[in-house]
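There are 2 protein chains.
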Amino acid sequence: MAEIDGFELPARKSEFLKVVSLCGGTMRTNEVAHELNVSPSTATKVLADLAREGYLEHTPYHGVCLTAKGEEYSRFLVRRHRIVSLALSRFGLSPDEACQEAKNLEGHVSRALVDRICASLGHPVMSGCGPIEHDGDCCPCGR
Amino acid sequence: MAEIDGFELPARKSEFLKVVSLCGGTMRTNEVAHELNVSPSTATKVLADLAREGYLEHTPYHGVCLTAKGEEYSRFLVRRHRIVSLALSRFGLSPDEACQEAKNLEGHVSRALVDRICASLGHPVMSGCGPIEHDGDCCPCGR
DNA sequence: CTCAAATTTGGTGTCTATCCAAATATCATG
DNA sequence: CATGATATTTGGATAGACACCAAATTTGAG
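Quick look at the structure:
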């Protein structure tokens, strides 16, 4: 059902979804705006978009929360970030540096590449940015 | 003089410059268009842009050639591609796979990161995509 | 000199990303 | 419950990236 290839959303939009996920799955527009340093109106529009696309449920004037689709996709986004970050740390970057550089890159890393790196690293359970989740859908490359 | 940070040009525009470089530094509009699968008018516009920005010299109706600035920058672009590709091959990707995935990514990899990876790999001289150049400006991280 | 091929121009369109000002809604409190 | 401060949304705008088409122009071979 997944079929995630990693490019379903533009990089920037993905960041919005990831923030919602990392902040617990439920957020107010203003929180998102502050977290991502954009104006509230920008946040409204992007969140409304993500809702229209089925990743979030949006209750106007109250906030958003992840849908099942949004949860699944943000699990991928978080895992991608952490795998990329971990991969970069293999080249000598500190956790902070790796995390920072990963933010530039991750939006352009395919799901297939994430899986390959993940497998190559032996399906690690921890990254400098937090734990790495593995489940059937998320990491079909063999656990 | 360089001060290349890797984000001087949008990813796609960089591809045009890289193609010119890899094809010998001199090209006709149609060659570029075919190489990158865009219409001739698109190629004209992008090449004119790169000329306006000082990377190419454009003789209308005749073609483009790299300027000194364009040569320097495309040296970086080619090196970035090869370093990224080599880095990916470290995770088990074949040369072709690495090259392909590198194309998605490289436009979002900072110069600083290229240098870090390059150093971490021991300033390699060869990648699956061809030789890796090192010179003072290109790889100031210590040869 | 003429005409086909190459190139450029000018006009459009889509998508991403963002902002501001104005309108609207919510909610705590008096 | 009325109201105002705060949060949110709307509507309108801008800007950059990327790309196309049709029409005009230029080049160069014959």
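Heads up: the sequence lines are chains X and D, in that order.
For reference, each letter of the first sequence is one residue, going 16 to 158 in this note's numbering.
For reference, each letter of the second sequence is one residue, going 16 to 158 in this note's numbering.
Note that the Cβ used here is the ideal one computed from N, Cα and C, for glycine as well.
If you're wondering where the values come from, they're calculated on a predicted model, not measured in any experiment.
| Check | Outcome |
| --- | --- |
| Between which two residues does the alpha helix (DSSP H) containing HIS49 (chain X) stretch? | 44–51 |
| What are the uninterrupted segments assigned as beta strand (DSSP E) that are 3 or more residues long and contained completely in the region 73–139 of chain X, given in chain order? | 78–81 |
| If the cut is a Cβ gap below 7 Å, which residues of chain X does SER100 (chain D) touch? | Chain X residues near SER100 (chain D): none, gap ~12 Å exceeds 7 Å. |
| Considering just the uninterrupted stretch of the alpha helix (DSSP H) at PHE31 (chain X), what are its terminal residues? | 26–37 |
| Which residues in chain D sit within 8 Å of SER36 (chain X), going by Cβ to Cβ distance? | Within 8 Å Cβ-Cβ: nothing; SER36 (chain X) doesn't reach chain D, min ~22 Å. |
| For PHE106 (chain D) and chain X, any beta-carbon pair shorter than 8 Å? | yes |
| At the level of alpha carbons, what is the spacing between SER29 (chain X) and SER56 (chain D)? | 33 Å |
| Given that a residue counts as buried once 16 or more other Cβ atoms are within 10 Å of its Cβ, and exposed if not, what is GLY85 (chain X)? | buried |
| Along chain X, which residues have their Cβ under 7 Å away from the Cβ of VAL124 (chain D)? | LEU120 |
| Going by DSSP, which residues form a beta bridge with LEU62 (chain D)? | For LEU62 (chain D), which the question treats as bridged, DSSP gives no partner whatsoever. |
| LEU128 (chain D) CB to nearest chain X CB: under 8 Å? | yes |
| Between the Cα of ALA26 (chain D) and those of D:HIS96, D:GLY137 and D:GLY69, spot the shortest distance and give me the residue it belongs to. | D:HIS96 |
| Quick check: what's the CA-CA separation for ILE147 (chain X) versus GLY39 (chain X)? | 16 Å |
| According to the neighbour-count rule (16 or more other Cβ atoms, all chains shown, within 10 Å of its Cβ), is VAL99 (chain D) buried or exposed? | buried |
| Kindly say whether GLU46 (chain D), judged by its beta-carbon, lies nearer than 8 Å to any beta-carbon of chain X. | no |
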